[in-house]
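Structure first, then comments.
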Amino acid sequence: MLNSIRPKNRVIFAYLLIPVAIYVFAVFVPLVTAGYYSFFEWQGGPNKSFIGIENFKTLMNDEIFWMSFQHNIFLVVACIIGQIGLALLFVLMINSRLVKFKSIHRTFGFFPSTIAAVAIGFIWTMVFDYRRGILNWILELIGQQEHTKVWLNEPDLVMLLIAIPLIWQFIGYFMIILLSAISSIDKSIIEVSEIDGANAIQRAIYIIIPLIKNTLLVCVTLCVAGNMKAFDHIFVMTTGGPGNASMVMALYGYKVSFMQQNMGYGSAISIGIFVLSLLVIGVFQLGTKLLSSDKEVV
Amino acid sequence: MKKKWVSVFMVVFLITALFAGCGQTDDTTDTSTEDSSTNDASTEDASTDDTSTEENGAYAGELSLMHFSTSEESEGNGGSDGFRTMVTEWDEANPDITLVQNVLANDDYKTQIATLAAADDLPDVFLLQGMNTRAWAEQGLVMDMTEIINSSPYNDQYDHSFFFPFTYNDSIYGLPVLTGGTTTVVVYDQAIWQEAGYDTFPETWDEVLEAKAFFDEQGMDVVAFGNSGKWQANSCFLSAVGNRFTGDEWFYSMVDKSGAAFTDQEFVDSLQFTQDLFTSGVFNPDFNAVNNEDARELYIAGDASAFIGGNWDVSYIQSVLDGTDLYDTTKFAVIPQPAGADATTRTHAIGMGFAVAINAKLADDPEKLAAAIDLAYKVTGPDFAEYVGANYALGGLTKVDNVDLSNFDQFTVDFYNYSYVDNKACEIYDSYISSAVWDVLNTDLQMMLNGDIDPQTVAENAQASYESNY
């Protein structure tokens, strides 16, 4: 860049300071204060007593917290398969020459991502409703009355049912990311593979997926991060119930902090969520990298 | 050069704004937010011109008030309407005081007031929930109002039994507010029950279960109930059923920590009965997946012969059914007597769940404190009681002699008699003890009603939470 139009370093620094300042106050300061409060027994208010790592000891033995963590992991796995897997499938289908009105598919696919999570929660609560829900209505219509259920009151099914709206909402979001990645692939590579006789599945597995590997890695990271902090759908649909059957970490932290007014332990839960989320994202990134490098060796 | 200074100014401005936003102020609720689209919240700044004031001439300035009597809530709800009316009257009588109100829907109010309490940033005047009394008093957040209550001009007219949930270590921390309402009432359609062979709602659950066959034939649920919020089974059912098994003294002992325990056999028996009843099919199958608002619609729509809820549900049912045949045949009954329960009979949980409390920090500003006390007297005093008595046949903290029921229809008279005349009162569990304990119990109760956890485990978990949090 010409020095005459390049802003001074101080100006660049000042501009860059804005997002850093926002980040520090929106993320870093709350995290550090939560870390500080997690060492206190604190019911809220001015009085709190230092108890060292007692809250973390409690956290390590808190069955509900670890069950919530398992539910988050379930959501992560379900959504990686459901959101990214289905998004990839739909993108490959949309890219096919046989499909017409591609932009309409793209627009309607992305549409659920624009709806507020709370509204989605209400919509799907109605879908699963025992009396007027479309699911039980269809079952009755096809003569399967005995299979109708109070769906959101089934402890064994409720996590799966809660994953469905999450998957449905974000398929379009990942479709857009993957579409942009696929559109950057040189068309001649695809054409050559077609001439060589590769069918659609072979093209997807041996050409497209390896070429969008880095984008897929970003998608997985986004998906993991999003589902480790899942809260709003579940809050609306079940508030973690029945009992704790659909409890997730963020909702549990909220319950402990605000419903039980135990701010000290609630802060410890927040730190637990932060550490576990970092670990899970790290493990997934490592795993994806290892898998992709193995493929390259082969 | 000019650009440089503009950018430097912008950065400094932004950082200053961020710091200001994160900084603590003494009076954040004065700049309360308006968010009526999401949570029925509204901020009503009732500032007025400078004129002299009669009662609080010494204080001129802002007084913050936070409550949950929204305009929507007050339509048909006597307590909320009365509260809003009294606040408006007080505001008009005190033109030198700028009353800054932060009004939120009930659930949002509970969350926000707990957050403000945690931050030691409570408004000047607010509504204290009974179960928070002990914790907030220990934290020094709420003012000890014992002397204020003793020197109240209406002290001899107060029903002093209402003060119990707001009393800790012989000090009283609030003036009970709104109306004394039942939280456990069976609302039933007398006409359909007469068809089933019962003149009134049965007095025992065994009879209700016998009637189930008739209602199954009609394609109706016997009793509608909603517990997706998890608190309903506690507030609207267990408070009364538990009392039938344990009696009053057991719960007083729980509140005083003088020996009783959730694991006592009488309480476990009440849980066992509750589980057996909810798994018997007498309630709507989706009772754990719908809330009380959905469940009362089942009664209104004729899909259920009865509904169990609280006085707030009755207000809604009354406003919706008015003018229909079902309105004329809707009657009220206490929760039937469980088999094996012999401690009390015909009890229903009734009380005043909230009290007007004053921020302890107002002790440093006697003039402002005097204004806050005057407001507290106004919204709980005879003006309020007469207003809700005359307009809704409801009672408040201040007793009113000879309530004239002649101007009310049968529905209102029946509910007045149910609430205050015909039945015995017992305590509302979650007006006392601690939110942490009830959160654990309510969560386990929901699983227990599904049959997924046994009553003994529920009692043990609640007891563990009671011992560590209360």
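Protein chains in written order, with our numbering: chain A, 55 to 352; chain B, 141 to 610. Positions of the beta carbon are idealized from the N, C-alpha and C atoms, including for glycine. Small disclaimer: the values here were computed from a predicted structure and weren't measured.
- Residue environment: valine 337 of chain A is assigned as exposed (fewer than 16 neighbouring CB atoms within 10 Å of its CB, all protein chains considered).
- DSSP, read as helix, strand or coil, puts methionine 492 of chain B in coil.
- A Cβ-Cβ separation of about 16 Å leaves glycine 326 of chain A out of contact with tryptophan 96 of chain A under the 8 Å criterion.
- Using beta-carbon distances, proline 506 of chain B does not count as an interface residue toward chain A, since no partner is under 8 Å.
- Contact between valine 326 of chain B and phenylalanine 472 of chain B is confirmed by a C-beta separation of about 7 Å, below the 8 Å threshold.
- A distance of 8 Å or more separates the beta carbons of serine 321 of chain A and serine 103 of chain A.
- By a beta-carbon distance limit of 8 Å, cysteine 277 of chain A contacts isoleucine 134 of chain A. Their separation comes to about 5 Å.
- Ranked by Cα distance from valine 540 of chain B, the first of B:Leu244, B:Ile288, B:Gly320, B:Leu203 is B:Gly320.
- Looking from the CA of isoleucine 174 of chain A, the closest CA among A:Gly297, A:His287, A:Val246 belongs to A:His287.
- Of the candidates A:Ile259, A:Ser331, A:Ile261, the residue whose Cα lies closest to the Cα of serine 122 of chain A is A:Ser331.
- With fewer than 16 neighbouring CB atoms inside 10 Å of its own CB, tyrosine 260 of chain A falls in the exposed class.
- Against chain A, a Cβ distance below 7 Å from alanine 275 of chain B picks out Gln97, Gln315.
- The beta carbon of arginine 160 of chain A sits closer than 6 Å to none of the beta carbons in its chain outside the five residues before and after it.
- Residue-level contact check: glycine 295 of chain A touches chain B, since one or more beta carbons of chain B fall below 8 Å from its beta carbon.
- The residue among A:Phe164, A:Gly341, A:Leu85 with its C-alpha nearest the C-alpha of threonine 275 of chain A is A:Gly341.
- Nearest to cysteine 376 of chain B by C-alpha distance, out of B:Ile448, B:Val553, B:Ser410, is B:Ile448.
- Within the DSSP bridge table, the entry for methionine 206 of chain B names B:Asn242, B:Phe266 as partners.
- For asparagine 428 of chain B, the nearest CB of chain A lies under 8 Å from its own CB, placing it at the interface with that chain.
- For serine 311 of chain B, the beta-bridge partners assigned by DSSP are B:Tyr308.
- For the segment 568–583 of chain B, the residues whose beta carbon sits under 7 Å from a beta carbon of chain A are, in order, Ser575, Ala576, Asp579, Thr583.
- Residues of chain A whose Cβ lies closer than 8 Å to the Cβ of proline 425 of chain B are, in chain order, Tyr184, Val204.
- The C-beta of proline 305 of chain B has 16 or more other C-beta atoms within 10 Å across all chains shown, which makes the residue buried.
- In this structure, valine 454 of chain B keeps its C-beta atom at 8 Å or more from the C-beta atom of glycine 366 of chain B.
- Serine 58 of chain A is classed as exposed because its beta carbon has fewer than 16 other beta carbons within 10 Å across all chains shown.
- Of the residues assessed, leucine 70 of chain A falls on the exposed side of the cut-off, its CB having fewer than 16 other CB atoms within 10 angstroms.
- When C-alpha distances from glutamate 213 of chain B are compared across B:Asn542, B:Glu232, B:Glu600, B:Val243, the shortest belongs to B:Val243.
- Using a Cβ-Cβ cut-off of 8 Å, leucine 417 of chain B does not count as an interface residue toward chain A, since no Cβ of chain A sits closer than that to its own.
- Just so you know, the alpha carbons of threonine 469 of chain B and valine 561 of chain B end up roughly 20 Å apart.
- Aspartate 523 of chain B has its alpha-carbon roughly 27 Å from the corresponding atom of alanine 503 of chain B.
- DSSP places tyrosine 456 of chain B outside any beta strand (DSSP E); the residue lies instead in the alpha helix (DSSP H), whose first and last residues are 451–461.
- When the five nearest sequence neighbours on each side are left out, the beta carbons in the same chain lying within less than 6 Å of the beta carbon of glutamine 315 of chain A are those of Gln97, Gly98, in order along the chain.
- Among the residues facing chain B, proline 166 of chain A is not included, as its CB has no counterpart in that chain under 8 Å away.
- If you ignore the 5 residues before and after tyrosine 249 of chain B, its C-beta comes within less than 8 Å of the C-beta of Met206, His207, Phe208, Leu267, all in its own chain and listed in chain order.
- For the alpha helix (DSSP H) assignment, the uninterrupted runs of no fewer than 4 residues enclosed by the segment 81–120 of chain A are, from N- to C-terminal side, 83–91, 108–114.
- Under the 8 Å Cβ criterion, the segment 186–200 of chain A does not count as touching the segment 109–122 of chain A, having fewer than three qualifying pairs.
- In this chain, the beta strand (DSSP E) harbouring alanine 364 of chain B covers 361–364.
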